[in-house]
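Novice: Numbering (my numbering), first residue to last: 1 to 435. Glycine included, C-beta positions come from ideal geometry on N, C-alpha and C.
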Ligand code: SAH
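(1) Is it the case that the stretch 98–118 contacts the stretch 30–46, given that we only count it when at least three CB pairs across the two stretches are under 8 Å?
(2) What did DSSP end up calling residue 436 once you bin it into helix, strand or coil?
(3) From this set, 22, 173, 176 and 184, which residue's C-alpha is nearest residue 162's C-alpha?
(4) With DSSP collapsed to three states, give me the class of residue 314.
(5) Looking at residue 257: is its Cβ nearer than 8 Å to the Cβ of residue 311?
(6) How long is the line joining the alpha carbons of residue 421 and residue 117, rounded to whole angstroms?
(7) Buried or exposed, going by whether 16 or more other CB atoms sit within 10 Å of the CB of residue 13?
(8) Considering only C-alpha positions, which residue in the set 48, 137, 3 and 52 is nearest to residue 22?
(9) With H, G and I counted as helix, E and B as strand and the rest as coil, what does DSSP make of residue 296?
(10) Using the DSSP secondary-structure output, state which residues sit across from residue 186 in a beta bridge.
(11) Can you pull the DSSP bridge partners for residue 14?
(12) For the ligand SAH, is there any heavy atom lying closer than 7 Å to the beta carbon of residue 300?
(13) Taking the alpha helix (DSSP H) that residue 53 belongs to, which residues open and close that run?
(14) Relative to the ligand SAH, is the shortest distance from any of its heavy atoms to the C-beta of residue 321 smaller than 7 Å?
(15) Terminal residues of the continuous beta strand (DSSP E) containing residue 414?
(16) Would DSSP call residue 487 helix, strand or coil?
(17) Please tell me whether residue 236 and residue 196 are closer than 8 Å, where the distance is taken between their beta carbons.
(18) Any contact of the stretch 118–138 with the stretch 48–65, i.e. 3+ C-beta pairs under 8 Å?
(19) Keeping to the same chain, check which residues put their C-beta closer than 8 Å to that of residue 371; ignore five residues upstream and five downstream.
(20) At what residues does the alpha helix (DSSP H) containing residue 254 begin and finish?
(21) Just mark residue 63 as buried or exposed, buried being the case when its beta carbon has 16 or more other beta carbons within 10 Å.
(22) For the alpha helix (DSSP H) that contains residue 95, what are its first and last residues?
(23) Could you say which of 156, 113 and 166 lies nearest to residue 138 if we only look at CA atoms?
(24) Helix, strand or coil: how does DSSP classify residue 155 here?
(25) In its own chain, which residues sit with a C-beta less than 6 Å from the C-beta of residue 397, not counting the 5 before and 5 after it?
(26) Roughly how many whole angstroms lie between the Cα atoms of residue 293 and residue 380?
(27) Assuming residue 341 contacts residue 317 under a Cβ cut-off of 8 Å, what Cβ separation, rounded to an integer in Å, is found between them?
(28) Near residue 98, which residues of its chain fall below 8 Å by C-beta distance, leaving aside the five closest residues on each side in sequence?
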């Protein structure tokens, strides 16, 4: 076995989706932080196990052509980005090959399309959730720890969120407020509206009123100021209770030709322009015609279903979602957009009544669908299924299950909704084979 702290000369052959360069040392796979495919390096082994090693770069002998200088001083410490040190075109290639590998591993034959991207790799995030330390410092957790790295300028966040965050952080520091755990902000890119949600251990603290007043006065676009209470000692950011302290219980945005109300507890895609590209692909794959009906499972505040219903003038849309506030938004959003034949059910997608319809859209969280729901969809004889997924591994696993139950797929379309991070979104069309 190789020894810890030993030095080796290697050539990097790949990068994994955590951003580590991969090589082999005496046959054992070795992960090297900050290393790039084709780099020739001198590395030092900092962790040695039977199955893999972890190493640090000691010296770059020849730098890879994919390498670029990271523009962020916090990379890779903050853990948010994993690809600041490579060209974006290479990142897209890597993402495509992860999707390919996931489908290969699941034993599903499919063509993986080129990654769709608008090539906007900074300032795209319309939502941020910053942890706040006991001294009011805000930023990101150091990778795998609870230490907070002060972050003055994150390249991913929308610039307006940066301004609001800096202001609130300054206020917390000045007043020495110790009960605030997170600052959660969202901006509606099309309308400019901003939501501020302060996550606190306590419902009341003496400076709360002044904080609301000052933030709303300084930033007129804040249309929703909420306080979420989280007094539990867990990693979950938001607690169960949310109080609206100023403005409305939602902000409004425009997306894919519709107007949407979004509450603090509702899911909303973080990358506005890429979400529009993703939704329009999903709409095309659904092939819905006037008079047809469809179901949107995991519908959030109704974004995918309502935008399709508006364009295709469908006969009926049913949406299912587990978060009550999101369902309330979805119902209001149907009215706001003049879509009459839409109904929304609050509950588990697995319990949805799968009545006869032409198409079902599913957009589950990272863990994917349950085997039970896949069976229910197959048994209900749903002809067309459009699967939107934020996790290539569970998507590939679920596609294998669909194929086994009589569905076919031909192309997987990756969409880069999260440039510079290890994540990639995908959409797939599954068609029930005849007979
Ligand atoms: N399609 C929406 C939301 C996708 S995110 C959009 O594009 O905006 C996934 C959604 O699934 C979240 O809103 C989450 O609250 C919801 N969800 C999670 N588990 C669920 C379950 N078991 N049943 C129904 N919805 C669920």
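Specialist: So, from the listed chains and residues:
(1) Fewer than three beta-carbon pairs drawn from the stretch 30–46 and the stretch 98–118 are found closer than 8 Å, and the two stretches are therefore not classed as touching.
(2) As shown, the chain starts at 1 and ends at 435. That puts residue 436 outside it, with no answer to give.
(3) 184
(4) Look at residue 314 here: in three-state DSSP terms it is coil, with no helix or strand label.
(5) Note that the C-beta distance between residue 257 and residue 311 is below 8 Å.
(6) 14 Å
(7) Under this definition residue 13 is an exposed residue.
(8) 52
(9) strand
(10) 127 and 195
(11) 22
(12) Within the cutoff, so yes.
(13) Counting along the chain, residue 53 falls outside any alpha helix (DSSP H), though it belongs to the beta strand (DSSP E) covering 52–62.
(14) Relative to the ligand SAH, residue 321 has its C-beta within less than 7 Å of a heavy atom.
(15) 411–415
(16) This structure does not reach residue 487, given that the chain is present from 1 up to 435, and the question cannot be answered.
(17) no
(18) no
(19) Closer than 8 Å at the Cβ level, and outside the excluded window around residue 371, lie 401.
(20) No alpha helix (DSSP H) holds residue 254; the beta strand (DSSP E) holding it covers 251–255.
(21) exposed
(22) Note, residue 95: alpha helix (DSSP H), 88–105.
(23) 166
(24) Here residue 155 sits in coil by DSSP.
(25) 106
(26) Their Cα atoms are separated by approximately 15 Å.
(27) Rounded, the Cβ-Cβ distance is 7 Å, consistent with contact.
(28) Excluding positions up to five away in sequence, the list reads 17, 392 and 424.
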